[in-house]
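Visitor: Residue numbers are given in the working numbering: position 67 of the sequence shown equals residue 98, and the series is strictly consecutive.
Would you mind keeping the following structure in view while I ask a few things?
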Amino acid sequence: MFPENRIVRVVLLAVSLWSMLADLAYASPGISDKEVMEEMNLARTEPLLYAGYLKEFRKNFEGKFYRLPGMVIVIETNEG
Numbered sequence: 032m033f034p035e036n037r038i039v040r041v042v043l044l045a046v047s048l049w050s051m052l053a054d055l056a057y058a059s060p061g062i063s064d065k066e067v068m069e070e071m072n073l074a075r076t077e078p079l080l081y082a083g084y085l086k087e088f089r090k091n092f093e094g095k096f097y098r099l100p101g102m103v104i105v106i107e108t109n110e111g
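Below you can see the structure in the form of C-alpha cells.
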C-alpha cells in the first residue's frame, strides 16, 4: 500500500503535466489531440511509472525555465 501523501503527490504531478500538455497541444500544431489523450491516459493508468518519468522530466527545469536535454533553446513556462 502507498502512503497517502505519495499518492497525492503523484496525482498532483499528473495534473500539472496534463495542464502543460494541453497548453503544448494548442501551441504546437504538430501535436494532435489524440497524442495528448494518449499521454494523459498513460499517466492515469500507470501513475507510478509516469511519476518516475516526471521526476526525470523535472530535472530539465531551472525555476520557470525548461531546457530540452542537449539543446541550447530555453522555454519559459508560466508556472515552472
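A virtual CB, placed ideally from N, CA and C, is assigned to each residue, including glycine.
Span of the alpha helix (DSSP H) holding VAL105?
Guide: As a working mapping, residue 105 is identified with position 74 in the sequence shown. VAL105 -> not in any alpha helix (DSSP H); beta strand (DSSP E) instead, spanning 105 to 107.
Visitor: May I ask you to report which of helix, strand or coil DSSP gives GLU77?
Guide: Position 46 of the sequence shown, counting from 1, holds the residue named residue 77. Three-state result, GLU77: coil.
Visitor: If you draw a straight line from the C-alpha of ASP64 to the C-alpha of ALA74, how long is it?
Guide: Stepping through the sequence shown from its first residue, residue 64 is reached at position 33. Stepping through the sequence shown from its first residue, residue 74 is reached at position 43. ASP64 and ALA74: Cα-Cα distance of roughly 15 Å.
Visitor: Output the distance between the C-alpha atoms of GLU77 and GLU69, rounded to the nearest integer angstrom.
Guide: Residue 77 sits at position 46 when you count from the first residue of the sequence shown. Residue 69 sits at position 38 when you count from the first residue of the sequence shown. C-alpha separation (whole angstroms): 12 Å.
Visitor: Does the distance from the CB of LEU85 to the CB of ASN91 come in under 8 Å?
Guide: Here residue 85 is taken as the residue at index 54 of the sequence shown, counted from 1. Here residue 91 is taken as the residue at index 60 of the sequence shown, counted from 1. No, they are not a contact pair.
Visitor: Out of curiosity, what's the CA-to-CA distance linking LEU43 and ASN72?
Guide: Reading the sequence shown from its first residue, position 12 is the one you call residue 43. Reading the sequence shown from its first residue, position 41 is the one you call residue 72. Spanning the two alpha carbons is a distance of roughly 15 Å.
Visitor: Alpha carbon to alpha carbon, how far is ASN109 from GLU87?
Guide: Here residue 109 corresponds to residue number 78 of the sequence shown, with the count starting at 1. Here residue 87 corresponds to residue number 56 of the sequence shown, with the count starting at 1. If you take the alpha carbons of ASN109 and GLU87, they lie about 20 Å apart.
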